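Peer 1: Here's a structure for you.
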Amino acid sequence: MNTSKTASKYDRFSKVYDLFESPMERRAFSKYRAKALSLAEGKVLEVGVGTGKNFQCYPRNVEVIGIDFSRGMLEKAERRGRDLGLKNVRLLHMDVQNLEFEDSIFDTAVSTFVFCTVPDPVKGLREVYRVLKPGGKAIFLEHMKSESKLLNILLYLMDPIMRILTGTSTIRETQRNIKLAGFRIGRVENLFFDIVRIIMATKPLGECNSR
Ligand SMILES: C[S@@+](CC[C@H](N)C(=O)[O-])C[C@H]1O[C@@H](n2cnc3c(N)ncnc32)[C@H](O)[C@@H]1O
Numbered sequence: 299m300n301t302s303k304t305a306s307k308y309d310r311f312s313k314v315y316d317l318f319e320s321p322m323e324r325r326a327f328s329k330y331r332a333k334a335l336s337l338a339e340g341k342v343l344e345v346g347v348g349t350g351k352n353f354q355c356y357p358r359n360v361e362v363i364g365i366d367f368s369r370g371m372l373e374k375a376e377r378r379g380r381d382l383g384l385k386n387v388r389l390l391h392m393d394v395q396n397l398e399f400e401d402s403i404f405d406t407a408v409s410t411f412v413f414c415t416v417p418d419p420v421k422g423l424r425e426v427y428r429v430l431k432p433g434g435k436a437i438f439l440e441h442m443k444s445e446s447k448l449l450n451i452l453l454y455l456m457d458p459i460m461r462i463l464t465g466t467s468t469i470r471e472t473q474r475n476i477k478l479a480g481f482r483i484g485r486v487e488n489l490f491f492d493i494v495r496i497i498m499a500t501k502p503l504g505e506c507n508s509r
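Take the sequence shown: its letter number 135 is residue 433 in our numbering, and every next letter is one higher.
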């Protein structure tokens, strides 16, 4: 699916997104978010910020720039930021596949449940890599294809339905894509089988951006 179609899908989805996700959020996702985001430091880029569900999970002393290509999702995030009285979060309308930032300016990059949706995930991940400082860390909380053939049968069955409903794929090989974009993968923690994972990665020191 192309970028503008996916963004429009999220504009429509923004009206019911929090409601749609609330059972999973209560049961599991909020715990996963708290675990992953406690590790953010310094100047943080959150890509695909959505409705701002991560805002409350950040350490107090970080500065967050959140981007999303859906104005509908950003409006919800803005409202959440206002309601929470946050002063350390700035939101921008932007496509992760073409980030409008200079190279090497962020200490931490964050994505939660985003690279299942980005139309060209490796392009988006390369952009995240570009804007991260050498030695900077990336925190990915993502769902992806499993290593288990049995689980993948289910994921392949779900994939066309999820693509139509939410523009999301259940069979992306996100860990492999992160590596392809140049990141050095550190700790990987499986949270729901190996379908939902926290992947900690770094941009190695001394790396240049031209790939
Ligand atoms: C499943 S939602 C996750 C939202 C949020 N990160 C969360 O954890 O609740 C995926 C988000 O990624 C955004 N997104 C997808 N592709 C994008 C792109 N190319 N550039 C910017 N945002 C994108 C969508 O608009 C949506 O807000």
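We treat Cβ as the ideally placed atom computed from N, Cα and C, and that holds for glycine. Note that the coordinates shown come from a computational prediction; the quantities given were computed from them, not determined experimentally.
According to the neighbour-count rule (16 or more other Cβ atoms, all chains shown, within 10 Å of its Cβ), is Lys307 buried or exposed?
Peer 2: With at least 16 other beta carbons inside 10 angstroms of its own, Lys307 counts as buried.
Peer 1: Given that a residue counts as buried once 16 or more other Cβ atoms are within 10 Å of its Cβ, and exposed if not, what is Gln473?
Peer 2: buried
Peer 1: With distance defined between alpha-carbon atoms, name the residue in Ile476, Tyr454, Phe438 nearest to Ser467.
Peer 2: Tyr454
Peer 1: Just confirm the distance between the C-beta atoms of Arg331 and Cys355, as a whole number of angstroms; I'd bet it's less than 8 Å.
Peer 2: Indeed they touch by this definition, with Cβ atoms about 5 Å apart.
Peer 1: Anyone know if the C-beta pair for Val314 and Gly346 falls short of 8 Å?
Peer 2: no
Peer 1: How many whole angstroms separate the CB atoms of Gly364 and Pro432, which I take to be in contact at a CB cut-off of 8 Å?
Peer 2: Contact flag wrong, Cβ pair sits at about 23 Å.
Peer 1: Mind checking whether the beta-carbon of Ser368 lies closer than 7 Å to any heavy atom of ligand 1?
Peer 2: At least one heavy atom of ligand 1 is nearer than 7 Å to the Cβ of Ser368, so yes.
Peer 1: Pick helix, strand or coil for Ser343, following the three-state DSSP scheme.
Peer 2: The sequence given here has Leu at residue 343, not Ser. Strand, per DSSP.
Peer 1: Would you list the residues sitting across from Asp366 in a DSSP beta bridge?
Peer 2: His391
Peer 1: Please return the same chain residues whose Cβ sits closer than 7 Å to the Cβ of Val360, not counting the five positions on each side in sequence.
Peer 2: Ala338, Glu339, Gly340, Val342, Asn386
Peer 1: Would you list the one or two residues that DSSP bridges to Arg495?
Peer 2: BP columns for Arg495 point to Glu440, Asn488.
Peer 1: At 3 residues or longer, what runs of the beta strand (DSSP E) sit wholly inside the region 403 to 466?
Peer 2: 404 to 410, 430 to 441
Peer 1: Using the beta-carbon count (16 or more within 10 Å), is Asn488 buried or exposed?
Peer 2: Exposed is the label assigned to Asn488, since fewer than 16 other Cβ atoms lie within 10 Å of its Cβ.
Peer 1: State the DSSP-derived secondary structure class of Arg482, mapped to helix, strand or coil.
Peer 2: strand
Peer 1: Relative to ligand 1, is the shortest distance from any of its heavy atoms to the C-beta of Asn359 smaller than 7 Å?
Peer 2: no
Peer 1: Using the DSSP secondary-structure output, state which residues sit across from Thr500 in a beta bridge.
Peer 2: Beta-bridge pairing links Thr500 to Lys435, Arg482.
Peer 1: If you compare alpha carbons, which of Leu449, Ser444, Pro321, Asn396 is closest to Leu423?
Peer 2: Looking at the Cα atoms, Asn396 is the closest of the given residues.
Peer 1: Closer than 8 Å is the cut-off here; do at least three beta carbon pairs connect the region 454 to 464 with the region 375 to 382?
Peer 2: no
Peer 1: Quick check on this structure: which residue in Pro458, Asp316, Phe438 has the alpha carbon closest to the alpha carbon of Val486?
Peer 2: Phe438
Peer 1: Do Leu384 and Lys501 have their beta-carbon atoms positioned less than 8 Å apart in this structure?
Peer 2: Cβ atoms of Lys501 and Leu384: not closer than 8 Å.
Peer 1: Can you give the Cα-Cα distance for Asn352 and Gly370, rounded to whole angstroms?
Peer 2: 17 Å
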